[in-house]
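In our numbering, the protein residues as written are 10 to 323.
Below, the structure written as structure tokens:
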């Protein structure tokens, strides 16, 4: 093989592997000084059953009038044959191509002493580690103090009951602070799990919230699950998150699903079984929560008295 050709190939390989300055399109050169910012993120796709998580970010963008901040260059991370660009009409005449991407925006919620950075994108098809590295560099530039990642998964849960929200935290203290019901899931993960892990490794506190979406009604939207996630965001930010029409939409969604399930006896019976199982678990949890520690101690002392002094045999 020609020496010049070999050198050219080696240079190309070196350039491909040496990359890595984060590439953001349309970055606002005048990035503002943010007040103790928190980043709230969601990704469409595998991590977003019923579009509940991405719907929550979209809602926050609208109610807090978020300003575009940056867009991650999509060429490195998306397979356009899997996540194809879309065409839309502009003014009924001009056609515009929209490419899959990850966008960041910033907002200042009324009454809050901190700013919020919102991240909404599509789960990338490749190079997840580099993708997270790019995001983390931007997190560092903005001075983000905490990352909150939203997700939604399909589960055996009835649509008629409150939406279960599980999650993972960066410490036991944070799990207690945010009242997280720790998930015991082991298995394949999505970009949400990878990003959270990379944040924690980089020293950035990160917590995730996952809403459970009934698997028998998985099609989007699911406003009820979106509301459940927004309530968790409210807990982290410690401010009220205006829900607008979402509660009404959630009620209408539940009524519509109930009507649908009534038309199929098998599905209706299945939903009833989920309700009974869930209610039994709640009753047991309530019973355990109501147990009085002092009462337990008193009963134990009574037991010891009955045994008599020095009687420790089994």
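Using N, Cα and C, we set each Cβ at its ideal position, and we do this for glycine too.
query                                                                                                         : result
Per DSSP, cross-strand counterpart(s) of residue 187                                                          : None, per the DSSP bridge assignment.
Check whether residue 56 and residue 199 have beta carbons under 8 Å apart                                    : yes
Secondary structure of residue 221, DSSP reduced to three states                                              : strand
Reference residue 206; option with closest CA among 137, 70, 86                                               : 137
Alpha carbon of residue 93 to alpha carbon of residue 106, nearest angstrom                                   : 10 Å
Strand pairing of residue 209, partner residues [DSSP]                                                        : None; residue 209 has no bridge partner.
Which listed residue (101, 122, 162) has its alpha carbon closest to that of residue 237                      : 162
Beta carbon of residue 67 nearer than 8 Å to that of residue 112                                              : no
Identity of the residues DSSP links to residue 46 by a beta bridge                                            : Answer is none; residue 46 lacks a bridge partner.
Inter-stretch contact (C-beta, 8 Å, three-pair minimum) for the stretch 219 to 232 and the stretch 153 to 161 : yes
Cα-Cα separation, residue 209 to residue 274                                                                  : 47 Å
CB contact flag (residue 60, residue 230, <8 Å)                                                               : yes
contact_flag[the stretch 235 to 249, the stretch 162 to 177] where n(CB pairs < 8 Å) is 3 or more             : yes
Short Cβ contact (8 Å threshold) for residue 133 with residue 179                                             : no
DSSP bridge partner residues for residue 131 (one or two, in chain order)                                     : 53
heavy atom of the ligand SAH below 7 Å from residue 267 C-beta                                                : You won't find the ligand SAH in this model; it holds no ligand whatsoever.
Cα-Cα separation between residue 102 and residue 259, rounded to whole angstroms                              : 36 Å
Residue 71 (DSSP reduced to helix, strand or coil)                                                            : helix
Closest Cα partner of residue 65 within the set 224, 257, 241, 266                                            : 241
Within-8 Å CB hit, residue 145 to chain B                                                                     : Annotation note: the requested chain B is absent from the structure, which comprises a single protein chain.
Proximity below 8 Å, CB of residue 70 to CB of residue 127                                                    : yes
For residue 80, the first and last residue of its enclosing beta strand (DSSP E)                              : 76 to 81
Closest by C-alpha distance to residue 121, when choosing among 249, 286, 95, 261                             : 249
Rounded straight-line distance, which links the Cα of residue 268 to that of residue 90                       : 38 Å
Top-ranked residue by Cα proximity to residue 114, from 157, 73, 97, 243                                      : 73
Cutoff 8 Å; reference residue 263; Cβ partners in own chain excluding five residues on either side            : 168, 169, 233
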